[in-house]
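The structure appears right after this line, and notes come after that.
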Amino acid sequence: MGFGLAKKLSDRGDRVLIGARSTERLQHAAKALGADVITRQVDIEQRDTLVSFFAGLQDLAGLFTPGASYQTASFREADEATAESPFRTKFWGQYWAVHAALPHLADDASIVLMSGAASVRPIGNPAYAACNAAIEGLTRALAMELRPKRVNCLSPGTIDSDLWRNRDAALRDAVFDQWGALTLTGQVGTTDQAVDAALFLLDNGNMTGSVLYNDGGYSMR
Ligand SMILES: NC(=O)c1ccc[n+]([C@@H]2O[C@H](COP(=O)([O-])OP(=O)(O)OC[C@H]3O[C@@H](n4cnc5c(N)ncnc54)[C@H](OP(=O)(O)O)[C@@H]3O)[C@@H](O)[C@H]2O)c1
3 MGFGLAKKLS DRGDRVLIGA RSTERLQHAA KALGADVITR QVDIEQRDTL
53 VSFFAGLQDL AGLFTPGASY QTASFREADE ATAESPFRTK FWGQYWAVHA
103 ALPHLADDAS IVLMSGAASV RPIGNPAYAA CNAAIEGLTR ALAMELRPKR
153 VNCLSPGTID SDLWRNRDAA LRDAVFDQWG ALTLTGQVGT TDQAVDAALF
203 LLDNGNMTGS VLYNDGGYSM R
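Residue numbers for the sequence shown follow our numbering, beginning at 3 and rising by one.
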């Protein structure tokens, strides 16, 4: 989804800075995005890399923080490392990413955090559900403290992104099949749809402190 948003932004003429841990992935993205993109290696779990990620840049208009990798398991089955991994990478990663970005953001910058609709409708994986709910709370608190900067959160349901493409095909098919019955649309979301929702939050000057559920009605059922 991060790459998808970078593509939409660069296609309309915005300059983008993108990060990931893998230099190979970054080179591939840079090739697809064109000359105006800056790529820097970053691990959202490592605060020093977050600080160097933004070094030398000023008046950034926006920040989107979808980079995360974590494990999930049921409450009974998760060992300590697994149970804590969503908070370690997805909650604290985004918290410190905003902190590192702050001196480099324009006064009226727009920040879009990433949670997930398990925040309001858990489906196993309690630490992951709680982490997403915490990110949505963080969104509202940051919107208050950082104003006039805007802070919103995208909360997707299942999206057919690389996250699922890189997982075991049998598991992916089972989750996608089950998803049809759990939503109002009966459809797994596309990366393009999720990215459109992120772009709306990034651009719309009347949105702050909001959580946008791009989930086919999953959170309603
Ligand atoms: N797809 C879904 O169904 C879904 C549903 C709800 C919520 N979400 C949330 O959306 C976010 C992104 O999902 P996605 O589907 O876009 O995932 P994705 O296709 O797997 O992409 C994740 C991107 O983040 C980067 N990344 C992973 N760990 C990182 C780290 N520690 N530091 C910096 N970059 C890192 C990856 O590159 P490297 O590996 O090279 O670092 C990759 O480019 C996640 O927070 C996920 O929980 C996704």
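Where is the CB? At the ideal position from N, CA and C, for every residue including glycine.
Check                                                                                                       : Outcome
Which of helix, strand or coil DSSP assigns to L186                                                         : coil
Cβ shell of P88 (< 6 Å), same chain only, five flanking positions each side left out                        : Y72, A129, Y130, C133
Neighbour-count burial assignment, G182, 16 or more Cβ in a 10 Å radius                                     : exposed
heavy atom of ligand 1 below 7 Å from L201 C-beta                                                           : no
Residue burial classification, N154 (beta-carbon count within 10 angstroms, cutoff 16)                      : buried
D61 classed as buried or exposed, judged by whether at least 16 other C-beta atoms fall within 10 angstroms : exposed
T187, buried or exposed, once every other Cβ within 10 Å from all chains shown has been counted against 16  : exposed
Segment contact flag, the region 167–181 with the region 134–143, C-beta cutoff 8 Å, min 3 pairs            : no
One or two residues paired with T41 in a DSSP bridge                                                        : I20
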